[in-house]
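Notes follow the structure.
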Amino acid sequence: MPDQSSPAVPRFRLPSACAFALAALASSGSLAAQLQPQAIYPLLTDLLETTATYTPAQLTGNPTPPNPPANGVCVNGIYSLSAGGQDVRFPVITSLNMADFQVDVEFLVNAFPPSFGAPVFMGGHLWRWLGIYVQPNGTVGIKHNNSNLAWSTTMLSTGTWYSGRLKYENGTVELYIDGTLVLTVSVGVLSTGSATIDNRNFTTNDFSNGRNHNGCIRNVIISNDTTLGVTAGTFAYGSGCDGLTLGANGVPSLGNPLFELVATNVPPAVPLAYFAFGGLALNPGVDLTFIGMAGCAAYTSLDIGLLGPAVVVGPSANFPFPIPNDPALTGASLATQALSFSTATTLGLAASNGLKLVLAP
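If you use the numbering used here, the sequence shown corresponds to residues 22 to 382, in order.
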């Protein structure tokens with residue numbers, strides 16, 4: 022942890038084994054083929070689709086789910102067509118290529134279903150063509166082609182944010198949680214169930230069995246042209262304290278000299294931010310109350326080290342993190358987390374959410 026007594030804190034350095042990430046590198050080739058985002062719904066400040074291609078997401082129910090900002094949009098787990106039921110419904114994504122697409126969604130589960138299973142995020146309300154599902158014990162998997170279920174061996178916890186990703190290409194589905202591949206299933210052609218009604222929409226409900234997500238979703242991105250297997254990306258998980266949030270500019274693709282970490286909502290106590298790195302992502306995180314950081318958690322193993330400080334400009338601190346063009350790094354991952362000074366904890370520090378970096382061409 023940095024010395025909190027003065028802004029003039031010495032710069033920490035990573036061990037030489039990870040010094041590759043700090044070198045000033047020139048790009049020696051083009052980046053990997055990029056996804057083609059079709060619809061982007063952050064759901065952080067409003068319900069709008071950021072490219073203005075599609076209409077806003079809709080919140081329905083009695084009571085209606087709270088509008089952002091509410092840490093994403095949250096539903097109560099009651100089926101939409103039952104008394105007190107709720108739904109988050111997205112419009113038909115007419116540009117979605119049903120043969121080659123990717124779905125990204127950050128989600129939190131408040132409670133697992135008491136029996137059977139329940140959706141987290143479902144493609145199709147008339148015919149459930151593909152979605153993320155959870156069991157009563159927290160096991161995560163998928164539902165596809167209306168009634169078919171497949172399960173991973175990964176168990177989730179309630180009350181923590183995860184990054185979920187579904188990739189579909191050439192009849193194969195891959196499910197990723199926090200950037201880790203947890204399930205691969207051969208499902209064949211996906212059917213939207215109707216030749217006359219376009220069912221390429223998304224919802225938090227499963228209208229075949231009367232189930233609804235019990236929790237929250239945010240940062241929904243629907244894209245065409247996925248690539249199966251390891252691809253470069255950043256995956257946010259967990260929640261920061263005192264408002265501190267960690268994200269990124271760009272993608273950690275091999276040979277990308279412009280990639281950088283971005284700490285936002287940095288508390289104004291001291292205009293500096295630090296960045297902790299580890300080889301292991303911790304989710305759920307480790308509660309830091311015992312060291313005087315109540316409400317904060319550690320989301321990285323911190324076995325690699327700590328870098329900083331980065332100076333805050335406005336409410337944000339940008340930290341350049343160039344990625345070498347080294348094929349040997351394909352599939353490598355790092356877990357990182359921002360730290361800043363804060364008056365909200367006894368120790369005088371705040372910690373952000375975790376961010377997993379997966380390196381690939």
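Just so you know, even glycine gets a beta-carbon here, dropped at the ideal spot from N, CA and C.
Problem set entry | Cβ-based neighbour list, glutamate 70, same chain, cut-off 6 Å, excluding 5 preceding and 5 following | Ala60 and Tyr62
Exercise. Applying the criterion that 16 or more other CB atoms from any shown protein chain within 10 Å of the CB defines a buried residue, is glycine 98 buried or exposed?
Worked result: buried
Exercise. Nearest-angstrom Cα distance between proline 343 and leucine 309?
Worked result: 30 Å
Problem set entry | Euclidean distance between Cα positions of methionine 119 and leucine 211 | 7 Å
For this session: State the beta-bridge partners of asparagine 226 as determined by DSSP.
Result: Asn233
Problem set entry | Element boundaries [beta strand (DSSP E), containing proline 58] | 57-62
For this session: Give me the Cβ distance between aspartate 227 and arginine 149, rounded to the nearest whole Å; I'm assuming they're in contact under 8 Å.
Result: 6 Å
Exercise. Shortest alpha-carbon distance to leucine 65 belongs to which of Pro84, Thr74, Gln79 and Val94?
Worked result: Val94
For this session: State buried or exposed for isoleucine 218, treating a residue as buried only when at least 16 other CB atoms are found within 10 Å of its CB.
Result: exposed
Exercise. Can we say the region 310-330 touches the region 246-254, given the rule of at least three CB pairs closer than 8 Å?
Worked result: no
Problem set entry | Nearest residue (CA-CA) to alanine 73, options Pro89, Pro86 and Ile114 | Ile114
For this session: Determine the direct distance from the alpha carbon of serine 363 to that of threonine 247, and round the result to whole angstroms.
Result: 40 Å
Exercise. What residue range is occupied by the uninterrupted beta strand (DSSP E) comprising leucine 328?
Worked result: 326-332
Problem set entry | Cα-Cα separation, valine 9 to proline 86 | Since the first residue of the chain shown is 22 and the last is 382, residue 9 is not available in this structure.
Exercise. So cysteine 195 is in the beta strand (DSSP E); what residue range does that whole segment cover?
Worked result: Here residue 195 is glutamate; the residue named in the question, cysteine, does not match the sequence. Run containing glutamate 195: 193-198, per the beta strand (DSSP E) assignment.
Exercise. In three-state terms, what does DSSP make of alanine 78?
Worked result: Of the three classes helix, strand and coil, the one that applies to alanine 78 here is coil, per DSSP.
Exercise. Just curious, the beta strand (DSSP E) that serine 361 is in, first and last residue?
Worked result: 354-362
Exercise. Is DSSP giving isoleucine 243 helix, strand or coil here?
Worked result: strand
Problem set entry | Where the beta strand (DSSP E) containing leucine 380 begins and where it ends | Element bounds for leucine 380: n/a, residue is neither H nor E.
Exercise. Do phenylalanine 142 and phenylalanine 122 have their C-beta atoms within less than 9 Å of each other?
Worked result: Inclusion of phenylalanine 142 and phenylalanine 122 in the CB contact set at 9 Å is not warranted, their separation being larger than that value.
Exercise. Which partner residues of valine 70 appear in the DSSP bridge assignment?
Worked result: The sequence as given places glutamate at residue 70; valine does not occur at that position. Glutamate 70 pairs with nothing; no bridge assigned.
Exercise. Hey, is the region 343-352 in contact with the region 145-162, meaning 3+ C-beta pairs nearer than 8 Å?
Worked result: no
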